[in-house]
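Let me begin by presenting the structure, written as structure tokens, before commenting on it.
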Amino acid sequence: MTHATPTPSSAANGPKTARPVNALKGRLQAAADKSCSHRALIFSALAEGQSRIEGLLESEDVLATAGAVAALGAKVEREGPGAWRVIGQGRWPSPAQPLDLGNSGTGVRLLMGAASRFDLKAEFVGDESLSSRPMARVLDPLARMGVKSQASDGGRLPVTLRGSNHLDPIDYTPPVASAQVKSAILLAGLGAQGETIVREPRATRDHTEIMAPVYGADMSVEREGAGLIARVRGGKTLTPANVSIPGDPSSAAFPLTAALVTSDSEVTITGVMTNPARFGLYQVLKMMGADIGMTSAGERCGEQLVDIRVKSGALKGVEVPAEIAPSMIDEYPILSVIAAFADGVTVMKGLAELRAKESDRLAASAALLEANGVKIELGEDSLSVHGCGKDGVPGGGRVKTHHDHRLAMSALIMGCGAQAPVGVDDVSMIATSYPDFFDHMAALGAEISAG
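Residue numbers for the sequence shown follow the numbering used here, beginning at -17 and rising by one.
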């Protein structure tokens, strides 16, 4: 296997500081979507035959998934920037070594589900951050399907999993909305003897359901109010496919929102995926009065794309509907930063899932704001932000990132538009999701440097 290691020139370890600038301007192609990149590698490795992936995000998280599927028997080769070839064998053997997924919650949970359908034994490990995150939410429904596992204290990594080629189908309603849990069950259901059903009262991202039929899976989705019902019928051999990865709306949010909070700015990001389960932030920004324009840009891998143009301007605080939370769960740290620049109070509810991310993102987002002079109220599953409006965000704080890439980027975006520089204690983890972040921000005119 040939690995590609992302090496953007400025993505070094250690602390960095973003300084206020007069304007951000420019046009960038959206970074490839991380969620779709993980799934393309996994489906290609499950299929029998050769698949090709164009535009794969070569971030640390995705490369960890590439390494894991190679250890599970697939031939994985990088043919050029973003261009990868995967030859799947149709079945996975027991890996010789533990599968190290680094910081990737998506990678480890989806691979647990995918590996469950085979008669194998696999140990899953990760870094300190990933090892603190709960895995029982995946392991419990898999156990109902016939999967045996042994986890560390609190249902955490390392996890040793014993799969089975005779899994039972289940009809399951996850207690907490999670695309990772849903996807793990559906991937396991590909090998179950019958129909596996996952019911979501509140719909989460559906990239697995959209991509699975591309590889010949018998998977379907029906909408039911604010929720969905996903079904997969097991026993079908997946077929290889050639896919192109769409642009990531979560990564695009950082340069776009930087333009919103920095005076005299205008930024366009092209090729951004508009999946409704991932586009909640942009709905909220429109509610806040943001100057946003969108034009159609075709489709990739079944996902519709747009080019997004934003201009800086006044924003107003809003109450964010709780039902939007699943469609923007990764964007609450950056939304909290945007709210700090708005006029009035922004209230965000239904955020319990944020406490089980790379860090306790709810508490850490609140601490980010307080460190930079922004008044907040923090609840068990809510956050209210008192926007600074015309007075401006004071800034001047040093933010603890807790090895969370989205917190690090959100704090640096605040620094672009605040009255004083904003620093973070470490940026090494940004490469897990957005290896071109620093190069992209520099191209727009941001001033982010060591220290």
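For every residue, glycine included, the Cβ atom is placed at its ideal position computed from N, Cα and C.
Item                                                                                                            : Value
Inter-stretch contact (C-beta, 8 Å, three-pair minimum) for the region 351 to 369 and the region 313 to 330     : yes
Touching by the beta-carbon criterion (3+ pairs, under 8 Å), the region 294 to 303 and the region 148 to 159    : no
Simplified DSSP assignment, three categories, for Ala(-14)                                                      : Any reading at Ala(-14) needs caution, since the residue's pLDDT is 41, under 50, leaving its predicted position unreliable; the model's value is listed next. Of the three classes helix, strand and coil, the one that applies to Ala(-14) here is coil, per DSSP.
Backbone CA spacing between Glu429 and Ser294 [nearest angstrom]                                                : 18 Å
Residue from Ala223, Phe236 and Arg119 with nearest C-alpha to Ser160                                           : Arg119
Start-end ranges of the alpha helix (DSSP H) lying completely within the region 82 to 129, minimum 4 residues   : 87 to 98 and 118 to 126
Check whether Val292 and Leu344 have beta carbons under 8 Å apart                                               : no
Where Gly275 sits in the DSSP three-state scheme                                                                : strand
Cα-Cα separation between Asp289 and Arg138, rounded to whole angstroms                                          : 40 Å
Contact under 8 Å by Cβ, Leu426 with Pro237                                                                     : yes
Distance CB(Leu39)-CB(Ala13) smaller than 8 Å                                                                   : yes
Cβ pair Thr414, Ser113 closer than 8 Å                                                                          : no
Cα-Cα separation, Ser233 to Ala322                                                                              : 20 Å
For Arg506, three-class secondary structure by DSSP                                                             : The first residue shown for the chain is -17 and the last is 433, placing residue 506 beyond what the model contains.
CA nearest to the CA of Ile179, picked from Thr277, Val214, Leu83 and Ser318                                    : Val214
Own chain partners of Asp246 with C-beta closer than 6 Å, once the 5 adjacent residues on each side are dropped : Ala5
Assigned secondary structure, Asp15 (DSSP; H/G/I helix, E/B strand, else coil)                                  : coil
Spatial distance of Ser(-9) from Asp153 (CA atoms)                                                              : With a pLDDT of 37 at Ser(-9), under the threshold of 50, the modelled position of that residue is not reliable, and the figure given next carries that caveat. Their Cα atoms are separated by approximately 48 Å.
Ser232 - DSSP class collapsed to helix/strand/coil                                                              : helix
Inter-residue Cα distance where the pair is Lys57 and Ala353                                                    : 47 Å
Pro63 burial status per 10 Å Cβ neighbour count (16 or more: buried)                                            : exposed
Where the alpha helix (DSSP H) containing Arg343 begins and where it ends                                       : Arg343 to Ala353
Cβ-based neighbour list, Met193, same chain, cut-off 8 Å, excluding 5 preceding and 5 following                 : Cys18, Arg21, Ala22, Phe25, Val225, Cys283 and Gly284
Helix, strand or coil at Pro376 [DSSP, three-state]                                                             : coil
Segment limits, alpha helix (DSSP H) that includes Ser165                                                       : Ala161 to Gly171
For Tyr416, three-class secondary structure by DSSP                                                             : coil
Contacting residues, own chain, Cβ-Cβ under 7 Å from Ala324 (five flanking each side not counted)               : Met270, Leu297, Lys298, Gly299, Gly369 and Gly371
Three or more C-beta pairs below 8 Å linking the region 181 to 191 and the region 304 to 323                    : yes
Residue from Lys218, Lys164, Asp135 and Glu191 with nearest C-alpha to Gly176                                   : Lys218
Separation of Pro123 from Ala78, as counted between CA atoms                                                    : 26 Å
Where Ala428 falls: helix, strand or coil (DSSP)                                                                : coil
Segments of 3+ residues assigned as beta strand (DSSP E) that fall wholly inside the region 356 to 401          : 357 to 360 and 364 to 368
Status (buried if at least 16 other CB within 10 Å, exposed otherwise) for Pro157                               : exposed
Close beta carbons around Val196, own chain, < 6 Å, minus the five adjacent residues each side                  : Ala223
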